[in-house]
Structure formats: C-alpha cells, structure tokens
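Asker: Protein chains in written order, with this note's numbering: chain A, 1 to 330; chain B, 331 to 672.
Just so it is clear, CB atoms sit at the ideal spot from N, CA and C, and this is done for glycine as well.
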C-alpha cells in the first residue's frame, strides 16, 4: 500500500475545566482536567474514508478539530503527506491549510447569515489568491455550486433562502473551493432529514470518486458509517477501542463496546435478531473508570480489566483494545 | 411485539378530518390538512415524517397544546367516544395527565428544575387520583423502580439536574404513566439520546405501556424506532397522511411513492448499496403547497391527474395510501388505458 496521506500518532488533548482561580482558592476546589482525546493513532490512505464513531463525549469531534489545527494537541503529532503539521509555518502552513478543509455539522450555524453565497464560497479562493478578478471569481464559484448540484445563479442569494440540505451543499462547495485533498467531515448529515441525508451522502461519494478525495468522517450513526466508510474506528471516552476495515467490523465486531453499539441499532426490517440488552450509561469523562474505561458496562469484565488499561493491539488483521479478546475469552 | 387488537374494538382515540391553521399576516397557513386516523386500546401507532411534515403538530393538537396562533379549524378528536378538541382549558387539563400522558423530546425542559422529581411525581398522582400523600410517594417510588432507576428511594428526593439524560427520560416516562392514562403521546422521546440509551428507553417504553395497558402515539423521524416499537404507522408529508397501515407492510411493501423513496434513502445495515435512493428536491413550505397531491413535484411516477386532483387515502393491499396509483381496481383499468394513450 502507498504511504498514508494522513497519519496520527498518539494524539491527545487535555482540556482544563477547573473552576476560576478565586473559586479554587476560596472554595478549595481542585483543578480539573478532561482527557478528551487520549492516545489516538491511525492512518488514512489516499482516496479512502476513515469513519470515527462513538457516543456523545467520546472525543470524536475533538480528533477532527485537532487534525485541521483548530486545537493544538497536548501530546502526539499529526503527519500530512509525510510532514509534521506542527512544524510548519508561514507559506508552508498556508499550503497545508489549502490542502485540508472541514465540513461542520450544523449548516445553520456554519454559514455567515449576512454574506451572500458568492462571498461564502469565494472567501477561501480570495484568501489563498487562487483567482484574480471579479469575473473569474464568479465563474469559479458557479462551477463549484454546480458540482454540488446547485445553480450558478444561487451565488446572489443569502443562506436563509436555502433549506438545510442545500446549505450543507454550500458548505461542501466552500470546502472544495481550494481543491483540497483531504476533507474532515464532522457529522455532516446529522442535522438533516433522511431523504436529504441521502442526497448529501451521494454527492460526497460522487465527489470522492471524481476528485480522489480522502475523508475523515465523524458520525454517531453506524448505518451511515457502513454506507460511506472504508475503515472504521470506534471511540469510547477519548480512546480508540477498535479499528477495523469496514466489512470486518460489521461482520465480526470484536470489542464488547462495538458489539453493544451494533446491537443497539433498531432493526428496520425486523429480522427478529436476538438483542443483548444494553447496560448502563457512558461514565462522566471528568472521572473515568480506571483500567479499561468500558469495564463497568462490559459483560466480559474481570479483575484485570478494572486494573490494567488495554492497549490497541493487532489481532487477525484488526486492532482491538480489549483484554478479553487478547486472552481469547470472547 | 404486542398483539394487534381486533379492528372491531371501539377505538380509544379517533381523529377525524383534523385541520390545523396558523393565521399570519401573509394569509392562513394550513399546517394539518384532513388528518384522520384512530388508535385502538393498547395499540402503538407510529407517526413518521421529515421536519415540517406536521407530525409533532398532530400530537400537540390531540393533547390540546397547540401554540397560538395555531388553532383547530375543522374536524374532531374523540377520546373514548367523547369529543375533546373543543373543551375549555380547565376540563382539558383534567384529561391531560389523567387520560392522556405526554412525553417530549427534551427531558430537561419537560421537568421543573426547581422541584425534586418526587414532588413532581406525587403532585401529578394526587392531582388525578384520590390517594393520600404517603400512598402517592409509595406509588412514585414504585414507578421509578419500574422505569429502572437504581436506588429509587434515595433518588426520588433529588433534582432533575442530578440525573443524566437517559435517567431523566426515564423520570419523564414515570411522570407520563403516573395517573395510569389510557393513551401516551410520545413526541420524539429518544431523539436527544445516544443510540445505546435510545435502545434502553424504547424497550422500556414498550414494556411499560404493555404492562399498564396504555396505547401509544409515537411521533418520530426515525424509521428504525418505528419498526422496533409500533403496530401500525402513519407516514406524513406536508401536513397530510401519505400512507397508513401495519408497520410490517408499510416498511416492506410501501404503496405511496414517498414512502418508497423514504425507505430507500435510509442506509441499511443488512445490504450494500453503492448509492442511496434519493428523492429529488425537498418538502414544500406551508406557504406554497402544490395543488393536487402535495408530493407531485418530487414524485417519480407523477401523472397529469396528480397535479389537479388531491387523492384521498385509498386501500392499497394491506395499507392505505393517498395516491392515484393505488386507486381501486375498476378505476385503475381506466386509468391505465388513459396512461397508455398519453
């Protein structure tokens, strides 16, 4: 396989959520930290899609923001095309930013309501000096809009004149403006209705094929992930618990948490599959359980699971962080 | 799945030709147009549709919680044979809670943050049932235990903010069941929850309503939840019912082209497709609902007639669909001939 386009090594992000200084002094409150992302490593090959799934608060969106540089990592590094992104500055950093773009979840919040579509989609073009002159800008924005199924004439409209699905298409057009190689998509269809979600997912797949795009796709919806991904990483409380090629993950989920997630999806065709009742809730990330973070909810947990944190190890072509899988208990 | 009650039984809830309007400065918006359905005792009816289809509004109209200026302009809602849509506020209040329980999407906003959950539960029980304070508290604890809240005796004296999202939704379910209502209207009860919690809440709601003999009207946009929970389902589009029938038939053999498109656009867990089926365009705004069938501009099988005449719900195999394609046999032959000629 060719060298990966994106490589993430032991990435971690700690947020300081302590009370203000005066409260800490007066009320004797301790400092508090949330380990939002704690030692995540993965690679994405050119033209492929890695999906990260997990429940609220598992750190998947933080990974997305770390990758595009919206947060600085506390530990670890991101390599893009073999270069360490943290070491880049000036013109090199601008080039890097041109090559990776992001699509956000909420198409109502991610577009400036006072800008016309021409300004929204044209801003990255002007910022990176990719076009010169009003006529060229209009022509290029028109091209971008038609590539996502909107009309070139739409560039004179404001965001409020579009539906949710159309707004998400504008976001995609904006992300494509700089002709990036890598798109980070943070729950791009979660705010949309299913029929509109289908339109957006189809556009994203078509664009990937025609432009050779590489995606990091963040989602909590396993059915959507199954539709778009080549590889899937399952996150729980800031860590990857399983990283597998898609067919393997859905055919033979290894980690008990992955199995639980797959079991929790309502079965639309009512095939009468036996479902294990799901136990418990995601613990408070301020005070995560010791050892394997999943052990209080895990039906296979033993003494080792509550004492020792399992590492993500290679196991028959997939990577799993679970003592029970490693010991062959499940 | 609970047993489907025989159709001969008198319906618990009957909605006939319900029409809800919103008068605005720019004219009257027709939000619900000629909605008719019924729910039998103990039955779970799902109401599914995309944003703006009018599914939540249908629930709100039934429990008398339409936001002004919205109003019921025509039609009637009958609970156990009695009309409840034109009752004065105080009389409706007595029915709400006692005969109809409600569960809303966001468990944080449906609980009062200033009262302990015990006080909210006992208040509801004592408002509707003639029991002593001690008995009300015992019942409240039992309800919390039934909804799977650990250490119910202690947690009853805690405030809503001390509960997690999933636990709060359990409290809301306990609250809805507190006065032993005959019907529960649940509006997107699991939408704000994570998938693993969603599965817990759905199975809880299903089990408790069966144990308490309550019928459920479950409003959701999630076809998976409908498939797991309901006996029958109504598919709504632009303020109208597009198709209604037994869940199994609507999912596996949908008759209305909108239902077909909706089912095709859901990524499946058990089959691989390169592309999802998509319905072009989006739902019309209330200000510009097309004439004839509201779905006609997006329909892949549109005929001339669809643009002029509005189809009523008609029998289509096991379901009923508002679509000219499923007209009764005799008329269909004529139509086919006309279609060939075109």
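Counting only Cβ-Cβ distances shorter than 9 Å, please list the residues of the region 162-181 of chain A near chain B, keeping chain order.
Answerer: Against chain B - using a Cβ distance shorter than 9 Å - the residues of the region 162-181 of chain A are 163, 164, 165, 166.
Asker: For residue 243 of chain A versus residue 319 of chain A, is the C-beta distance shorter than 8 Å?
Answerer: In this structure, residue 319 of chain A lies closer than 8 Å to residue 243 of chain A by Cβ.
Asker: So within the region 483-527 of chain B, which uninterrupted alpha helix (DSSP H) runs reach at least 4 residues, ignoring any that extend past its ends?
Answerer: If we require 4 residues or more, the alpha helix (DSSP H) runs fully inside the region 483-527 of chain B come out as 495-507.
Asker: Are the C-beta of residue 608 of chain B and some C-beta of chain A separated by less than 8 Å?
Answerer: Yes, residue 608 of chain B counts as interfacial toward chain A.
Asker: Does any C-beta atom of chain A lie closer than 8 Å to the C-beta of residue 632 of chain B?
Answerer: No, no contact with chain A.
Asker: How do the region 146-157 of chain A and the region 52-69 of chain A stand: do at least 3 beta-carbon pairs fall below 8 Å, yes or no?
Answerer: Output reads no: the region 52-69 of chain A does not touch the region 146-157 of chain A.
Asker: Starting from residue 143 of chain A, trace the alpha helix (DSSP H) in both directions and tell me its first and last residue.
Answerer: Element bounds for residue 143 of chain A: 134-147.
Asker: What number of angstroms, rounded off, separates the C-alpha of residue 498 of chain B from the C-alpha of residue 485 of chain B?
Answerer: Residue 498 of chain B and residue 485 of chain B: Cα-Cα distance of roughly 11 Å.
Asker: Applying a beta-carbon distance threshold of less than 9 Å, which residues of chain B neighbour residue 51 of chain A?
Answerer: The premise fails here: residue 51 of chain A is roughly 12 Å from chain B at the closest Cβ pair, so nothing lies under 9 Å.
Asker: Please report whether the beta-carbon of residue 227 of chain A lies at a distance below 8 Å from any beta-carbon of chain B.
Answerer: Chain B contact via Cβ: present.
Asker: If you measure beta-carbon to beta-carbon, which residues of the region 206-234 of chain A are closer than 9 Å to chain B?
Answerer: Listed in sequence order: 206, 220, 221, 222, 223, 224, 225, 226, 227, 228.
Asker: Would you check if the distance between the CB atom of residue 525 of chain B and the CB atom of residue 220 of chain A is smaller than 8 Å?
Answerer: The answer is yes: Cβ separation under 8 Å.
Asker: Along chain B, in chain order, which residues have C-beta atoms closer than 8 Å to that of residue 260 of chain A?
Answerer: Near residue 260 of chain A (Cβ distances below 8 Å), the residues of chain B are 526.
Asker: Rounded to a whole number of angstroms, what is the C-alpha to C-alpha distance between residue 666 of chain B and residue 575 of chain B?
Answerer: Since pLDDT at residue 666 of chain B reaches only 45, below the 50 mark, its modelled position is unreliable, and no value is offered.
Asker: Am I right that residue 184 of chain A and residue 192 of chain A are in contact with their C-beta atoms under 8 Å? What's the rounded C-beta distance?
Answerer: Wrong, their Cβ atoms sit about 18 Å apart, outside the cutoff.
Asker: CA-CA distance, residue 467 of chain B and residue 642 of chain B?
Answerer: Distance between the alpha carbons of residue 467 of chain B and residue 642 of chain B: 50 Å.
Asker: Is there a C-beta anywhere in chain A that falls below 8 Å from the one on residue 574 of chain B?
Answerer: No, because no Cβ of chain A sits closer than 8 Å to the Cβ of residue 574 of chain B.
Asker: From this set, A:264, A:61, A:119, A:18, which residue's C-alpha is nearest residue 28 of chain A's C-alpha?
Answerer: Checked all of A:264, A:61, A:119, A:18; the closest Cα to residue 28 of chain A is A:18.
Asker: Examine chain A for any beta-carbon lying closer than 8 Å to the beta-carbon of residue 554 of chain B, and answer yes or no.
Answerer: Output row for residue 554 of chain B: interface = yes.
Asker: Return helix, strand or coil for residue 106 of chain A, following the three-state DSSP convention.
Answerer: Coil.
Asker: Is it right to say residue 13 of chain A is buried, meaning 16 or more other beta carbons lie within 10 angstroms of its own, or is it exposed?
Answerer: Label assigned to residue 13 of chain A: buried.
Asker: What did DSSP end up calling residue 304 of chain A once you bin it into helix, strand or coil?
Answerer: Three-state DSSP puts residue 304 of chain A in a helix.
Asker: Answer yes or no: does any C-beta atom of chain B fall closer than 8 Å to that of residue 196 of chain A?
Answerer: Interface residue, yes.
Asker: Taking Cβ positions, are residue 163 of chain A and residue 386 of chain B nearer each other than 8 Å?
Answerer: Not in contact: residue 163 of chain A and residue 386 of chain B (Cβ atoms no closer than 8 Å).
Asker: Note down, in chain order, all residues in the region 23-56 of chain A with a beta-carbon under 7 Å from any beta-carbon belonging to chain B.
Answerer: Listed by position, the residues of the region 23-56 of chain A near chain B (Cβ gap below 7 Å) are 55, 56.
Asker: Let me check understanding here. Comparing Cα to Cα, which of A:44, A:175, A:181, A:208 lies closest to residue 111 of chain A?
Answerer: Closest by alpha carbon: A:175.
Asker: Can you give me, in chain order, the residues of the region 482-511 of chain B that have a beta carbon less than 7 Å from any beta carbon in chain A?
Answerer: Answer set for the region 482-511 of chain B: 494, 496.
Asker: Have a look at residue 561 of chain B and residue 580 of chain B and give me their C-alpha separation to the nearest angstrom.
Answerer: Those two C-alpha atoms are separated by around 11 Å.
Asker: In chain A, which residues lie with their C-beta within 7 Å of the C-beta of residue 724 of chain B?
Answerer: Because chain B in this structure spans residues 331 to 672, residue 724 of chain B falls outside the shown range and cannot be described.
Asker: How many angstroms separate the CA atom of residue 214 of chain A from the CA atom of residue 198 of chain A?
Answerer: In a straight line, the C-alpha of residue 214 of chain A is about 20 Å away from that of residue 198 of chain A.
Asker: Could you tell me whether the region 542-550 of chain B touches the region 367-381 of chain B, using the rule of 3 or more Cβ pairs below 8 Å?
Answerer: Contact holds: three or more Cβ-Cβ distances are below 8 Å.
Asker: Per DSSP, which one or two residues make a beta bridge with residue 433 of chain B?
Answerer: According to DSSP, which records beta bridges pairwise, residue 433 of chain B is partnered with B:516.
Asker: Measuring only between beta-carbons, confirm whether residue 202 of chain A sits less than 8 Å from chain B.
Answerer: Closer than 8 Å: yes.
Asker: Whole-angstrom Cβ separation of residue 281 of chain A and residue 494 of chain B, contact assumed at under 8 Å?
Answerer: With 8 Å as the limit, residue 281 of chain A and residue 494 of chain B qualify as a contact, their Cβ atoms being about 6 Å apart.
Asker: Tell me, please, whether the region 526-536 of chain B touches the region 340-348 of chain B by the rule of three or more beta-carbon pairs shorter than 8 Å.
Answerer: No: fewer than three Cβ pairs fall under 8 Å.
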